[in-house]
C-alpha cells in the first residue's frame, strides 16, 4: 500500500508498529551512514501479534596474503615491523620481533642467509569500517581486466600485478560477480600497522575488500572509488593484501 512507519529506538531496545495485513518491507538502520538490516518481502497476517528479533554481530575477518616488497636505492640493512590489529596466523619468513635483513634495489631480500622476493603475513582482524557507498560492481568476465587496469592506475609494476592477480582472481572468479572496495594508504592501518627502518621515502599500501554476489543490480548505486597514483621514487616500500568479506553493507532503499 506504499505507506510507511518510522520509529526511532533512542534508549529503548524494542518498539511496536501497527500495520495492515499484507506484504511489507522492513529496514533497520544501525548507524549514521544508514547501513541497514532489511527484508524486502515480509508477510504480516491479520489477527496476530508477531515478534521479530534483530541481532547485530560484527565478526573478525581474515587478512589474506599481505605481502611487503622493499626497493631501496642501494643495498640496505632493514628492519620491518608489522603489528596486525588481531591474531597473527602465519608469517614467512618466520616473524620474531620483526624481520631483519638486507634489501636490494631489485626487491630481493636476504634474511638469515636465505633469499626471499617479499615478506608475507596473515592475521585475523576485527570488523572494519569503510565508506561502503563507494566501490565497484563487477561481472565475472570483467574481473581480470578491472584488476589489471586498477593495479596499473595505482602504480604496481608488472611482477606485483601478476602476484596480486594470480592470488585474488581465481578466488573472485568462482562467483557470478563481486563487489569491490579498496583500502588505500593510511586506511590500511585499520588492519595493521607497518613500520620500516630506515624510514622509506614512500610507504605505499593497498588492500582489496571484496564480496561475491549473484545480482549486481543490488549494488548499482555504488560510486566508483578514486584510485590515487602512488609515488615510488627513492626508497619505496609496497604492501598489498585483502580479504573476502562475509557481507557488504547495502545502501538503504526507498520504501
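Residue numbers (the numbering used here): 1092 to 1346.
Even for Gly, the Cβ is constructed at its ideal location relative to N, Cα and C.
query: Which of helix, strand or coil does DSSP assign to residue 1221?
result: Your numbering for residue 1221 matches position 130 in the chain shown. The DSSP-derived three-state label of residue 1221 is coil.
query: Are the beta-carbon atoms belonging to residue 1179 and residue 1192 less than 8 Å from one another?
result: Taking the first residue of the chain shown as position 1, residue 1179 is located at position 88. Taking the first residue of the chain shown as position 1, residue 1192 is located at position 101. Inclusion of residue 1179 and residue 1192 in the CB contact set at 8 Å is not warranted, their separation being larger than that value.
- prompt: With a Cβ-Cβ cutoff of 8 Å, do residue 1159 and residue 1245 count as a contact?
  reply: Taking the chain shown and counting its residues from 1, the one referred to as residue 1159 is at position 68. Taking the chain shown and counting its residues from 1, the one referred to as residue 1245 is at position 154. Going by C-beta atoms, residue 1159 is not nearer than 8 Å to residue 1245.
- prompt: What residue ranges within the segment 1217-1290 form continuous alpha helix (DSSP H) runs of no fewer than 4 residues, ordered along the chain?
  reply: You should have 1234-1245 and 1249-1263.
message: Do residue 1174 and residue 1213 have their beta-carbon atoms positioned less than 8 Å apart in this structure?
response: Indexing the chain shown from 1 puts residue 1213 at position 122. Indexing the chain shown from 1 puts residue 1174 at position 83. The beta carbons of residue 1213 and residue 1174 sit no closer together than 8 Å.
- request: Sort 1135, 1209, 1133 and 1312 by Cα distance to residue 1331 and report the nearest one.
  value: For the purposes of this step, residue 1331 is identified with residue 240 of the chain shown, where counting begins at 1. Nearest of 1135, 1209, 1133 and 1312 to residue 1331, Cα basis: 1209.
- request: Put residue 1310 into one of helix, strand or coil per three-state DSSP.
  value: Reading the chain shown from its first residue, position 219 is the one you call residue 1310. DSSP places residue 1310 in helix when its eight states are reduced to three.
- prompt: Which word fits residue 1163, buried or exposed, when buried means at least 16 other C-beta atoms lie within 10 angstroms of its C-beta?
  reply: On the chain shown, residue 1163 is found 72 positions in, with the first residue counted as 1. Residue 1163 should be labelled buried.
query: Any idea what DSSP makes of residue 1160, helix, strand or coil?
result: Counting from one through the chain shown, the residue named residue 1160 turns up at place 69. Looking at residue 1160 - three-state DSSP - the assignment turns out to be strand.
- prompt: Would you say the segment 1279-1299 touches the segment 1213-1223, given that touching needs at least three Cβ pairs under 8 Å?
  reply: Short answer: they touch.
message: Do residue 1275 and residue 1297 have their beta-carbon atoms positioned less than 8 Å apart in this structure?
response: To locate residue 1297, count along the chain shown from 1; it is residue 206. To locate residue 1275, count along the chain shown from 1; it is residue 184. Yes; because the gap between Cβ atoms is below 8 Å, this pair is in contact.
query: Counting along the chain, where does the beta strand (DSSP E) carrying residue 1303 start and finish?
result: Here residue 1303 refers to the residue found at position 212 of the chain shown. Element bounds for residue 1303: 1293-1304.
query: Going by the CB atoms, is the gap between residue 1300 and residue 1333 shorter than 8 Å?
result: Here residue 1333 corresponds to residue number 242 of the chain shown, with the count starting at 1. Here residue 1300 corresponds to residue number 209 of the chain shown, with the count starting at 1. Taking 8 Å as the Cβ cut-off, residue 1333 and residue 1300 qualify as a contacting pair.
query: Roughly how many angstroms separate the alpha carbons of residue 1306 and residue 1272, rounded to a whole number?
result: Within the chain shown, numbered from 1, the residue matching residue 1306 stands at position 215. Within the chain shown, numbered from 1, the residue matching residue 1272 stands at position 181. So the two alpha carbons sit approximately 17 Å from each other.
query: From residue 1230 to residue 1167, what does the alpha carbon distance come to, in whole angstroms?
result: Residue 1230 sits at position 139 when you count from the first residue of the chain shown. Residue 1167 sits at position 76 when you count from the first residue of the chain shown. Roughly 44 Å separates the two Cα atoms.
message: For residue 1354, which residues in the same chain have their Cβ closer than 8 Å to its Cβ, ignoring the five residues on either side in sequence?
response: With the chain covering 1092 to 1346 only, the question about residue 1354 has no answer from this structure.
Between the CA atoms of residue 1264 and residue 1235 - distance to the nearest angstrom: Here residue 1235 refers to the residue found at position 144 when the chain shown is read from its first residue. Here residue 1264 refers to the residue found at position 173 when the chain shown is read from its first residue. Rounded to the nearest angstrom, the two C-alpha atoms are 9 Å apart.
field: 7 Å CB neighbourhood of residue 1135 in its chain, flanking five on each side removed
entry: Numbered from 1 along the chain shown, position 44 holds the residue referred to as residue 1135. Taken in chain order, the residues that qualify are 1110, 1112, 1113, 1115 and 1141.
field: Buried versus exposed call for residue 1261 [16 or more other C-beta atoms within 10 Å across all chains shown]
entry: Against the chain shown, residue 1261 aligns to sequence position 170. A residue is called buried when at least 16 other Cβ atoms come within 10 angstroms of its Cβ; residue 1261 does not meet this threshold and is exposed.
message: What does the alpha-carbon distance come out to for the pair residue 1242 and residue 1204?
response: In the chain shown, the residue the question calls residue 1242 occupies position 151. In the chain shown, the residue the question calls residue 1204 occupies position 113. Cα to Cα, the separation comes out at about 32 Å.
message: Pop quiz: residue 1295 and residue 1324 are said to be a contact at Cβ under 8 Å. What is the actual Cβ separation, rounded to whole angstroms?
response: By 1-based counting over the chain shown, the position of residue 1295 is 204. By 1-based counting over the chain shown, the position of residue 1324 is 233. Their Cβ separation, rounded to whole angstroms, is 11 Å, which puts residue 1295 and residue 1324 out of contact at 8 Å.
query: Is the CB-CB distance between residue 1186 and residue 1194 below 8 Å?
result: Numbered from 1 along the chain shown, position 95 holds the residue referred to as residue 1186. Numbered from 1 along the chain shown, position 103 holds the residue referred to as residue 1194. Going by C-beta atoms, residue 1186 is not nearer than 8 Å to residue 1194.
task: Evaluate residue 1137 with the Cβ neighbour count: other Cβ atoms within 10 Å of its Cβ, from every protein chain shown; 16 or more gives buried, anything less gives exposed.
output: Taking the first residue of the chain shown as 1, we reach residue 1137 at position 46. Exposed, by the Cβ-count rule.
message: Quick check on this structure: which residue in 1256, 1277 and 1190 has the alpha carbon closest to the alpha carbon of residue 1161?
response: Here the question's residue 1161 lines up with position 70 in the chain shown. Residue 1190 is the option with its Cα nearest to residue 1161.
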